[in-house]
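Written out below as structure tokens is the structure these notes cover.
2 protein chains.
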Amino acid sequence: MTFSVQVKVMPLKDLLDPQGKAVMGGLNNLGLKGINDVRVGKHITLQVDASNEDEAKKIAEDATKKLLANPVMEYFEISVN
Amino acid sequence: MTFSVQVKVMPLKDLLDPQGKAVMGGLNNLGLKGINDVRVGKHITLQVDASNEDEAKKIAEDATKKLLANPVMEYFEISVN
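Those sequence lines, one after another, are chains F and B. Take 967 as the starting number for the first sequence in the working numbering and just add one per residue. Take 967 as the starting number for the second sequence in the working numbering and just add one per residue.
Structure, rendered in structure tokens:
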């Protein structure tokens, strides 16, 4: 069976996010009000062949720990749908 | 009130995703089996000041259309939590 796994990789909460700050500046330059913080991360969709949902999640977690996320600066959340 | 708005920006489904292909290659090089497609996009978290959820979503949608997503190559999904 093929599972579609969503991996959200974001900068750690207490780390400065320079990309987010840059986007904030851009939004202000466009005159867009009401947004007081921006954090930018990655959204990765994996199509995983597995016999069940848990196995698919395990494969995605393995791939995330080994390649997709940098544990020093990022955290991740995985969901299977 | 401050709302936390999640914006997922992904490459259009029928477009080639070179970044995804590069990640696929990396996963194969690491010997990780079972993953047959990868698509990489952006996950953006906005802290939005608004009087209600609909207004927060409207502000986020406006920002996404004007800056965060390129409609020629990307689609986006917005959720308020």
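Glycine included, C-beta positions come from ideal geometry on N, C-alpha and C.
Under the Cβ criterion of 8 angstroms, K1032(F) is counted among the residues facing chain B. The C-alpha of V1004(B) lies about 20 angstroms from the C-alpha of P1037(F). One alpha carbon belongs to V1006(F), the other to T1011(B), and they sit about 7 angstroms apart.
By the Cβ rule, the region 987-1005 of chain F does not count as touching the region 1023-1037 of chain F, because fewer than three pairs are nearer than 8 angstroms.
Among the bridge pairs identified by DSSP, M976(B) is matched with Y1041(B).
At a beta-carbon threshold of 9 angstroms, the residues of chain B lying near M976(F) are H1009 and T1011, ordered along the chain.
Against chain B, the CB of N1047(F) has no partner CB under 8 angstroms away; the residue lies outside that interface. Excluding sequence positions up to five before and after A1026(B), its CB lies within less than 8 angstroms of the CB of V971, V973, L1012, V1014, I1044 and V1046, all in the same chain and listed in chain order.
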